[in-house]
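**Student:** Just so we're aligned, residue 824 is where the sequence shown starts under the working numbering, counting upward by one.
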Amino acid sequence: MPLPRFTQVTSRPRAADAASSVDSPGDFSVTRPTTPPTDDSRAPRALSRRAVLAASGAGLSALVLAACGPQEESLAEQANAGGDTGYIAGDGSVTEYAESERGEPVEFSGKLFDGTEVSSESLRGKPALLNFWYAGCAPCRKEAPDLVEMAGERKDQVAFYGVNVRDEKATAEAFERTFEIPYASFEDRDGGVLLALSEFVPPQAVPTTVVLDSEGRVASRILGIAEPSILKALLDDVVKA
824 MPLPRFTQVT SRPRAADAAS SVDSPGDFSV TRPTTPPTDD SRAPRALSRR
874 AVLAASGAGL SALVLAACGP QEESLAEQAN AGGDTGYIAG DGSVTEYAES
924 ERGEPVEFSG KLFDGTEVSS ESLRGKPALL NFWYAGCAPC RKEAPDLVEM
974 AGERKDQVAF YGVNVRDEKA TAEAFERTFE IPYASFEDRD GGVLLALSEF
1024 VPPQAVPTTV VLDSEGRVAS RILGIAEPSI LKALLDDVVK A
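1. May I have the straight-line CA-CA distance separating lysine 1055 from valine 1029, to the nearest angstrom?
2. CA-CA distance, aspartate 979 and valine 929?
3. Work out the CA separation of glycine 1015 and glutamate 927 for me, nearest whole Å.
4. Just how far apart, CA to CA, sit glutamate 991 and glutamate 922?
5. Compare the beta carbon distance of valine 1061 and proline 962 with 7 Å and say whether it is the shorter of the two.
6. Out of curiosity, what's the CA-to-CA distance linking leucine 1035 and valine 1041?
7. Applying the 10 Å Cβ sphere with the 16-neighbour rule, what's the burial state of aspartate 937?
8. State the start and end residues of the unbroken alpha helix (DSSP H) segment that holds isoleucine 1053.
9. Are the Cβ atoms of leucine 1058 and phenylalanine 1009 separated by less than 7 Å?
10. At what residues does the alpha helix (DSSP H) containing alanine 997 begin and finish?
11. According to DSSP, simplified to helix, strand and coil, what is valine 971?
12. Given this structure, state the Cα-to-Cα distance separating asparagine 954 from glutamate 976, to the nearest angstrom.
13. Spell out the partners DSSP gives leucine 935 in its beta bridges.
14. Taking the alpha helix (DSSP H) that serine 945 falls in, what are its first and last residues?
15. Applying the criterion that 16 or more other CB atoms from any shown protein chain within 10 Å of the CB defines a buried residue, is glutamate 944 buried or exposed?
16. Alpha carbons only, please: which of Phe1002, Asp1011 and Ala997 is nearest the one belonging to valine 941?
17. Which partner residues of arginine 1044 appear in the DSSP bridge assignment?
18. Thinking C-alpha only, which one of Ala982, Leu946, Ala993 and Phe998 is nearest proline 968?
19. Hey, does glycine 1014 have any beta-carbon neighbour from chain D nearer than 7 Å?
20. Compare the C-alpha of tyrosine 920 against each of Ala974, Ile1048 and Ser1043 and name the closest.
21. Under a Cβ-count criterion, where at least 16 other Cβ atoms within 10 Å of its own Cβ denotes burial, should alanine 982 be classed as buried or exposed?
22. Closest to proline 1051 by CA distance: which of Val971, Glu1038 and Arg989 is it?
23. Using alpha carbons as the reference points, say which of Glu1038, Ser1037, Leu946 and Thr1001 lies closest to tyrosine 984.
24. Check this for me: beta carbons of glycine 1047 and glycine 915, under 7 Å apart or not?
25. Quick one, are the C-beta atoms of asparagine 987 and alanine 974 less than 7 Å apart?
26. Identify the residues that DSSP records as bridge partners of tyrosine 984: which are they?
And the structure:
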């Protein structure tokens, strides 16, 4: 597999602009912000809860999320072109943030499908992975076995959680049984977790995988299917830090 391409950029990329198209399954674009952004560029482009719900709630009934859409266009091309597709296709692009560029820890709380309340504060002290998914998303199903394997290998080093943006409990649990998912998922149809991470996760981009460092800061993000060797390298970075 070809090594990832590393592209130097001078400021934190916006969620819709961070990606470039992928020519082959092993041809990933990785961006690493290297210059401290200004206060203005650091300010989150936070979405309102209404906007998140419009994209990830009722709107999903008529939309196919993210990587479930066309793969020919990059995120930036689709965002610039606009149109009425209603979603942005995840293209496998990777953004990794240098430790000095990670800003403040993200703050969120939510309820797992088993009813357990989990907050971002409770995850600190150990790196964490958040995978945004829903059962009907074909790329989510495709990447599930790799995430299961990775979670088994890293269970003592990294806390894995899913963030389900669409499904009822029965649907989500059926998916988890089918793929033998060993980690719990947030029931996030109200968009609470997604809203907290809206600076990093486009509301219509599923699957998206976010890696948090042990301080709860976003260390990296994958828009689209999490290719195993790339994800392993991203987790290695936060585990060794």
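All C-beta atoms, glycine included, are put in the ideal place defined by N, C-alpha and C. Owing to the predicted nature of the structure, the values given are computational and were not obtained by experimental measurement.
**Tutor:** From the atom records:
1. 20 Å
2. In a straight line, the C-alpha of aspartate 979 is about 22 Å away from that of valine 929.
3. 18 Å
4. 37 Å
5. no
6. 5 Å
7. exposed
8. 1051–1063
9. no
10. 992–1002
11. In the three-state reduction of the DSSP assignment, valine 971 falls in the helix class.
12. 16 Å
13. Phe1009
14. 943–946
15. exposed
16. Asp1011
17. Thr918 and Val1033
18. Phe998
19. In summary, chain D is missing from the structure at hand, where a single protein chain is found.
20. With distances taken between CA atoms, tyrosine 920 lies nearest to Ser1043 out of Ala974, Ile1048 and Ser1043.
21. buried
22. Val971
23. Leu946
24. Against a cut-off of 7 Å, the Cβ pair of glycine 915 and glycine 1047 comes out as a contact.
25. no
26. Leu953
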